Amino acid sequence: MKRIFIICVLVLTGSWASAQSLDTLNTEGLSKREIKKLKWKKAQEKRKLEQEAQIKLAKSLLDSGSFIVECDMLYGRYGGTLPVNPGTNFFAIHGEDVTFQIGTEVGHLGYNGIGGITVDGKAKNYKAKTRKKSMYARTQVMSPIGTYSVSVTAVTSENVRVRISGNWGHSIEMEGRIKPLEEHNVYKATPII
Numbered sequence: 015m016k017r018i019f020i021i022c023v024l025v026l027t028g029s030w031a032s033a034q035s036l037d038t039l040n041t042e043g044l045s046k047r048e049i050k051k052l053k054w055k056k057a058q059e060k061r062k063l064e065q066e067a068q069i070k071l072a073k074s075l076l077d078s079g080s081f082i083v084e085c086d087m088l089y090g091r092y093g094g095t096l097p098v099n100p101g102t103n104f105f106a107i108h109g110e111d112v113t114f115q116i117g118t119e120v121g122h123l124g125y126n127g128i129g130g131i132t133v134d135g136k137a138k139n140y141k142a143k144t145r146k147k148s149m150y151a152r153t154q155v156m157s158p159i160g161t162y163s164v165s166v167t168a169v170t171s172e173n174v175r176v177r178i179s180g181n182w183g184h185s186i187e188m189e190g191r192i193k194p195l196e197e198h199n200v201y202k203a204t205p206i207i
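Numbers given in the numbering used here equal positions in the sequence shown, counted from 1, plus 14.
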């Protein structure tokens with residue numbers, strides 16, 4: 015009984031202390047409406063700082079030419095969408111080496127063993143540029159199964175779109191998050207050829 019009482023006192027004291035530390039705004043003499051406005055402005059500033067950090071990360075990664083985009087959504091040629099696992103769907107570039115992998119988890123075996131394809135290739139003519147509200151990079155990828163034109167468009171590090179187009183009119187778009195190569199969390203399956 016004594017032990018339960020001590021635990022309850024410690025928990026309540028800890029929760030009271032954390033509640034006091036969360037309320038860092040000086041709210042003496044302010045109405046509830048003014049307090050709410052102050053909290054909203056503080057949250058708005060925090061979101062803006064986070065977004066600026068994401069934009070800087072995306073710009074630095076695209077400029078370096080060494081990154082990975084872990085994709086959680088695939089877009090087909092006619093606008094169809096398919097949510098996918100970011101651990102098996104990615105586009106990666108490191109200098110001249112390029113890998114892109116598409117795999118679904120709907121039970122098909124595919125060329126790579128996970129329901130899709132894995133292509134290794136070499137990048138030619140990599141160029142990264144910055145626009146007003148976004149950054150993009152373009153390159154040509156030479157692979158054993160053909161030549162692909164790849165464009166990567168980033169608004170922030172959390173909102174990146176990769177478009178892979180072949181010579182014969184087929185294309186696929188992937189959307190996800192851009193990360194440094196060291197922080198990736200993907201499974202690379204067996205590449206074609």
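Don't be surprised by glycine CBs; every beta carbon is placed ideally from N, CA and C. None of the values given here were measured: they were computed from a predicted structure.
How would you call K193, buried or exposed, if buried means at least 16 neighbouring beta carbons within 10 angstroms?
Here residue 193 refers to the residue found at position 179 of the sequence shown. K193 should be labelled buried.
Measure how close the beta-carbons of G129 and G117 come, nearest whole angstrom, since I'm counting them as under 8 Å.
Here the question's residue 129 lines up with position 115 in the sequence shown. Here the question's residue 117 lines up with position 103 in the sequence shown. Confirmed, about 5 Å.
Output needed for G180: all residues of its chain with C-beta closer than 7 Å, excluding positions within five of it in sequence on either side, in chain order.
For the purposes of this step, residue 180 is taken as residue 166 along the sequence shown, with counting starting at 1. These residues qualify, in order along the chain: G160, Y162.
With DSSP run on the structure shown, which of helix, strand or coil describes R91?
By 1-based counting over the sequence shown, the position of residue 91 is 77. R91 falls in the coil class under three-state DSSP.
Taking the straight line between their C-alpha atoms, what separation do you get for T144 and E119?
Your numbering for residue 144 matches position 130 in the sequence shown. Your numbering for residue 119 matches position 105 in the sequence shown. Approximately 35 Å between the Cα atoms of the pair.
CB-CB length for E84 against P100, believed under 8 Å:
Residue 84 sits at position 70 when you count from the first residue of the sequence shown. Residue 100 sits at position 86 when you count from the first residue of the sequence shown. That pair is a contact at about 4 Å.
S163 - containing alpha helix (DSSP H), residue span
Locating residue 163 in the sequence shown gives position 149, counting from the first residue. Taken as a continuous stretch (DSSP letters only), S163 belongs to no alpha helix (DSSP H), being part of the beta strand (DSSP E) at 160 to 170.
Within the chosen definition, does the stretch 43 to 50 reach the stretch 137 to 156 through at least 3 CB pairs nearer than 8 Å?
no
Return the first residue and the last residue of the alpha helix (DSSP H) that K73 is part of.
Taking the first residue of the sequence shown as 1, we reach residue 73 at position 59. Segment 46 to 78, the alpha helix (DSSP H) holding K73.
Own chain, CB closer than 7 Å to I69, minus 5 neighbours either side, in chain order
Here residue 69 refers to the residue found at position 55 of the sequence shown. Closer than 7 Å at the Cβ level, and outside the excluded window around I69, lie T170.
Boundaries of the beta strand (DSSP E) in which I14 is found, first to last residue
Lying before the first or after the last residue shown, residue 14 is absent from the chain, which here runs from 15 to 207.
E197 - DSSP class collapsed to helix/strand/coil:
Locating residue 197 in the sequence shown gives position 183, where the first residue counts as 1. Three-state DSSP puts E197 in a helix.
Taking C-alpha atoms, which residue in V174, W182, R91 lies nearest to F104?
Residue mapping note: residue 104 aligns to position 90 of the sequence shown, counting from 1. When each option's Cα is compared against that of F104, the closest is V174.
Please state whether DSSP places P205 in a helix, a strand or coil.
Position 191 of the sequence shown, counted from the first residue, corresponds to residue 205. P205: coil per DSSP, three-state reduction.
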